[in-house]
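Below you'll find the structure, written out as structure tokens, and then a few comments.
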Amino acid sequence: MNLMSGIKKVTLKNLENSDHPNPTIRKQFKKWTVIVLISMLAMLLPFQSKLGVPVFHNVHAQSVVSLKSLQVQLWPEYDQPSMLVIVDFELSKETELPARVTFRIPDEANLTAVASQETTGLINAEYEGPSVENDWQIITVIVNNPTTYHLEYYEPLKVEGTVRRFIYQWNGSYPVTGFTISILKPVDTTTLTTEPRLDPVTKQDGSTVYTSQPSSLSKGEQYNLRLTYDKTTDTLFVPPQDLRPSTPVDEKTEGRISFQNYLPFILAAIGLMTLLGGLVYYWQSGSKREGRRRRRKPSQQTEKEPATGIYCPQCGTRAQMNDLFCRVCGTRLRKKEG
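In structure tokens:
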């Protein structure tokens with residue numbers, strides 16, 4: 031924004047101080063320069079966040095946010111010696127879009143994904159943060175579409191010998207119509223207890239998932255889950271294909287080239303080339319007009335033909351060299367013999 035404003039300011043200042051000989055061209059060029067600059071700014075607005083410029087969203091007049099569903103999955107020692115927390119949520123139909131949905135995660139947690147569910151799979155979703163507030167990180171998800179949104183983060187486990195402990199907390203920021211929480215049992219686990227109690231379900235692949243019954247939570251109603259299990263090894267869980275978490279494809283995915291990364295610079299280059307082309311045309315047209323003006327200057331003095339000593343016998347007008355008739359009355363001249 032500062033760069034574009036500077037270009038606009040300098041260009042207009044140069045035009046105002048210009049001594050271009052044609053005022054019509056000067057006026058037209060100034061108009062088209064402003065149009066090009068405004069067009070460039072309009073094209074770059076969707077990419078402000080990628081260029082480091084703050085983006086402001088008009089969501090202040092939104093309705094009260096409520097969640098149609100909130101599903102929390104806890105995968106201890108899944109692919110790291112920590113807890114993988116997966117949160118999926120969907121807004122109620124009564125919530126107007128776009129909406130801002132704020133979550134808090136522990137200060138020591140590591141956020142790894144914020145995505146939305148589309149027909150092609152999970153794609154990166156827009157969000158703000160995380161920002162630290164006391165012992166929490168604050169994340170605000172910008173919800174633009176009526177679909178399921180997805181968060182993933184890792185959180186440390188409390189390890190005491192072979193015993194692992196973990197506490198999950200929902201702070202009750204929004205009312206939830208359908209809330210569920212589940213735990214994927216780690217490998218080599220001898221005992222596992224939860225408070226409140228969850229029901230174990232054995233999947234077809236042999237894995238065990240502890241699941242709660244769907245329930246509703248009112249706004250301000252907190253939910254706390256305490257997990258304790260005994261594990262004899264440090265072996266990580268290697269999930270079957272159907273339990274592997276979906277990784278959203280983004281610009282950092284190996285082998286992927288994102289056109290969006292280069293589009294702002296391409297647009298800026300096109301705008302700059304247009305501006306430079308206009309400047310070249312502007313000065314060339316002025317030079318050509320000045321050249322034509324100099325070439326068209328008529329000579330104010332005409333060469334006088336040499337006069338002779340012959341005069342018209344009728345009116346007395348002095349004749350010029352090679353005249354046969356008087357230039358005034360047309361009488362035939364009499365040449366001197368000699």
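According to the working numbering, the sequence shown is numbered sequentially starting from 31. All C-beta atoms in this analysis are idealised placements derived from N, C-alpha and C, irrespective of residue type, glycine included.
query: Measure the Cβ-Cβ separation of V117 and V102 and say whether it is below 8 Å.; result: yes
query: Secondary structure at G151, three-state DSSP: helix, strand or coil?; result: strand
query: Considering only DSSP beta bridges, list what D260 is partnered with.; result: V193, T221
query: What's the call for A299, buried or exposed, on a 16-neighbour Cβ count within 10 Å?; result: exposed
query: Mark M113 as exposed unless 16 or more other C-beta atoms lie within 10 angstroms of its C-beta, in which case mark it buried.; result: buried
query: In chain order, what residues of the same chain lie with their CB nearer than 6 Å to the CB of S212, ignoring the 5 residues before and after it?; result: Q103, V239, T241
query: Helix, strand or coil for G346 per DSSP?; result: coil
query: Could you pull the DSSP bridge partners for K188 from this structure?; result: R195
query: Measuring straight from C-alpha to C-alpha, what distance separates P136 and G308?; result: 56 Å
query: What is the DSSP secondary structure of L228, reduced to helix, strand or coil?; result: coil
query: Looking at C-alpha atoms only, which residue of N154, N175, Y183 is the closest neighbour of Q167?; result: Y183
query: If you pair each beta-carbon of the stretch 117 to 126 with each one of the stretch 149 to 161, do three or more pairs fall below 8 Å?; result: no
query: Run through DSSP, which three-state label would V279 get?; result: Annotation note: pLDDT 45 at V279 (below 50); position unreliable, coordinate value reported separately. DSSP places V279 in strand when its eight states are reduced to three.
query: Near T207, which residues of its chain fall below 6 Å by C-beta distance, leaving aside the five closest residues on each side in sequence?; result: K98, S246
query: Taking a contact to mean a Cβ-Cβ separation below 8 Å, would you say L127 touches V171 in this structure?; result: no
query: Going by DSSP, what residue range makes up the beta strand (DSSP E) through Y204?; result: Segment: none, Y204 is in no beta strand (DSSP E) and carries neither H nor E.
query: Could you round the C-beta distance between T221 and Y259 to whole angstroms and report it? I think they count as a contact, below 8 Å.; result: 6 Å
query: Could you tell me the alpha carbon to alpha carbon distance between V344 and Q314, rounded to whole angstroms?; result: Sequence inspection shows Gln at residue 344; the Val mentioned does not correspond to that position. Cα to Cα, Q344 sits roughly 60 Å from Q314.
query: Measure the alpha-carbon distance for P230 versus L297 and round it to whole angstroms.; result: 56 Å
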